[in-house]
Amino acid sequence: MNPQGILVVALNQRGQASPATWELLGAGRALADAAKQPLFAVLPGGTAEQARELVERGADRVLWTAHPSLKEFNDEMHTQAVCAAAQQLSPARILLPGSVAGRSLACRLAVKLQAGLATDVSEFSPSGMVKRGAFGGNLTAEVEFKSPIQVMTVQAMAFPPAARQAGRAGEAAELAFAPAAARTEVISFSAEEAGEIDLGGAERIVSGGRGVGGPDGFKAVRDLAHALGAAVGASRAAVDSGWIPYRHQVGLTGRTVRPKLYVACGISGQIQHLAGMSNAANIVAINTDPECPMMQQATISVAADIFEFIPLVVAEIKKRKGVPVAA
Ligand SMILES: Cc1cc2nc3c(=O)[nH]c(=O)nc-3n(C[C@H](O)[C@H](O)[C@H](O)COP(=O)(O)OP(=O)(O)OC[C@H]3O[C@@H](n4cnc5c(N)ncnc54)[C@H](O)[C@@H]3O)c2cc1C
Numbered sequence: 242m243n244p245q246g247i248l249v250v251a252l253n254q255r256g257q258a259s260p261a262t263w264e265l266l267g268a269g270r271a272l273a274d275a276a277k278q279p280l281f282a283v284l285p286g287g288t289a290e291q292a293r294e295l296v297e298r299g300a301d302r303v304l305w306t307a308h309p310s311l312k313e314f315n316d317e318m319h320t321q322a323v324c325a326a327a328q329q330l331s332p333a334r335i336l337l338p339g340s341v342a343g344r345s346l347a348c349r350l351a352v353k354l355q356a357g358l359a360t361d362v363s364e365f366s367p368s369g370m371v372k373r374g375a376f377g378g379n380l381t382a383e384v385e386f387k388s389p390i391q392v393m394t395v396q397a398m399a400f401p402p403a404a405r406q407a408g409r410a411g412e413a414a415e416l417a418f419a420p421a422a423a424r425t426e427v428i429s430f431s432a433e434e435a436g437e438i439d440l441g442g443a444e445r446i447v448s449g450g451r452g453v454g455g456p457d458g459f460k461a462v463r464d465l466a467h468a469l470g471a472a473v474g475a476s477r478a479a480v481d482s483g484w485i486p487y488r489h490q491v492g493l494t495g496r497t498v499r500p501k502l503y504v505a506c507g508i509s510g511q512i513q514h515l516a517g518m519s520n521a522a523n524i525v526a527i528n529t530d531p532e533c534p535m536m537q538q539a540t541i542s543v544a545a546d547i548f549e550f551i552p553l554v555v556a557e558i559k560k561r562k563g564v565p566v567a568a
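Note that this note's numbering has the sequence shown beginning at 242, numbered continuously upward.
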């Protein structure tokens, strides 16, 4: 059978659907409509109820399995589950999230299915070519597949999420899955610090760069984030210096974000950082160098020392919220 249709790989995070899945369904639905082909989804480690939601968000046919080996993400087991679905559905294109798990799975799938692979895809063209950032975001590469099956990871936030249409027609069935034993086992999971807002879906983000001067400098950034109800981000320079953990990094080799408000504190705005946040609706840059790229890119540029400016803003926010301000 000739491969046909688009298969979205829906990866759960600790039993919860990932927002990236809705973006994949949005992108997949548009592709399927343009090619007049079906949109499939496979849900490893999910439930019938979650499969129903995938239908309501655009999938025509969903295969799900709640097999216990898929409770935690395991490259080997998830590869087996997606391959089982691919055998049954015979899709031409397989879309995965551009997350660590998605990337890890994509390369295994490409080998198993003898498929072509493109990572971090940000655009599809009707001709079948895809576009992806290359060389640190300085160039856009156009990729043409020579293989009948194409595996792609899709850049986070590059496509709008599919909306839910209650009662939408489609089929959800349990995947027949009898996996071979895994050679690896997930022993434990450590959650991120409690109380932190996750960068991925945050509407407001306050990020610090080398300009914060050291780990203690992030106190000002956290104070502002707390006052605004925002997540804390960072540049790679701050992360590489060991001032803040990697999970906060925004940019090409960090997270891609699309908040309503992005406050860049002491971040110069190099292309690799901009690659992760330039789609923010509003950017506020606070920097002592008015000429730096972030100040040029920002909606509002504040030429100031963050250690002088941020406490004033935090005090003003607290005053307006009626929170007592320390003298
Ligand atoms: C392959 C590759 C991938 C990369 N991926 C990423 C990535 O994912 N994310 C990322 O961020 N970078 C990434 N980088 C690194 C990137 O090129 C820059 O080096 C980095 O973004 C710089 O971080 P920064 O803006 O914090 O530091 P700098 O460029 O050193 O800027 C510090 C800024 O702070 C300002 N400043 C200093 N003191 C103060 C003060 N008191 N108040 C206000 N402003 C002050 C300065 O004027 C300056 O503009 C990558 C690089 C490569 C080659």
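Positions of the beta carbon are idealized from the N, C-alpha and C atoms, including for glycine. These figures come from a predicted structure and were not determined experimentally.
query: Would you call residue 487 buried or exposed, if buried means 16 or more other Cβ atoms sit within 10 Å of its Cβ?; result: exposed
query: Is DSSP giving residue 288 helix, strand or coil here?; result: coil
query: Would the C-beta of residue 445 count as close to ligand 1, meaning under 7 Å from any of its heavy atoms?; result: no
query: If you draw a straight line from the alpha carbon of residue 453 to that of residue 386, how long is it in whole angstroms?; result: 45 Å
query: Answer with buried or exposed for residue 522, where buried requires no fewer than 16 other C-beta atoms within 10 angstroms of its C-beta.; result: exposed
query: Would residue 483 pass as a contact of residue 517 if the rule is Cβ separation under 8 Å?; result: no
query: On a CA-only basis, which of 348, 390, 476, 314 is nearest residue 490? Give me that one, please.; result: 476
query: Should the stretch 391 to 401 be regarded as contacting the stretch 339 to 359, the criterion being three or more beta carbon pairs within less than 8 Å?; result: yes
query: Under 6 Å Cβ to Cβ from residue 333, same chain only, skipping five residues before and after it: list those, please.; result: 244, 245
query: Should residue 554 be listed as close to ligand 1, given that the test is whether its C-beta is under 7 Å from any heavy atom?; result: no
query: Kindly list the residues whose CB is nearer than 6 Å to the CB of residue 266, restricted to its own chain and excluding five residues on each side of it in sequence; keep chain order.; result: 249, 298, 299, 403
query: Rounded C-beta distance between residue 539 and residue 556? I'm assuming under 8 Å.; result: Actually they are not in contact, since the Cβ atoms of residue 539 and residue 556 sit about 22 Å apart, beyond 8 Å.
query: Can you tell me which of the three DSSP states residue 508 falls into?; result: coil
query: Can you give me the C-alpha to C-alpha distance between residue 257 and residue 277, rounded to a whole angstrom?; result: 31 Å
query: Suppose contacts are defined by Cβ-Cβ distances below 8 Å. Is residue 446 in contact with residue 478 by that definition?; result: no
query: With residue 304 and residue 416 assumed to form a contact (beta carbons below 8 Å), what rounded beta-carbon distance in angstroms separates them?; result: 4 Å
query: Leaving aside the five residues before and after residue 335 along the sequence, list all residues of the same chain whose C-beta is less than 6 Å from its C-beta, in chain order.; result: 248, 392
query: Give a yes or no on whether the C-beta atoms belonging to residue 363 and residue 372 are separated by under 8 Å.; result: yes
query: In angstroms, rounded to a whole number, what distance separates the CA positions of residue 500 and residue 520?; result: 8 Å
query: So what does DSSP say about residue 425, is it helix, strand or coil?; result: coil
query: Given 7 Å as the limit, tell me if residue 182 has its C-beta closer than that to any heavy atom belonging to ligand 1.; result: Here the chain comprises residues numbered 242 to 568, so residue 182 is not present and cannot be evaluated.
query: For the alpha helix (DSSP H) that residue 345 lies in, which residues bound it at each end?; result: 341 to 353
query: Going along the chain, which residues put their C-beta within less than 5 Å of some heavy atom in ligand 1?; result: 377, 450, 451, 452, 476, 477, 478, 492, 493, 494, 495, 507, 508, 509, 511, 513, 514, 528, 529, 530, 533, 546, 547
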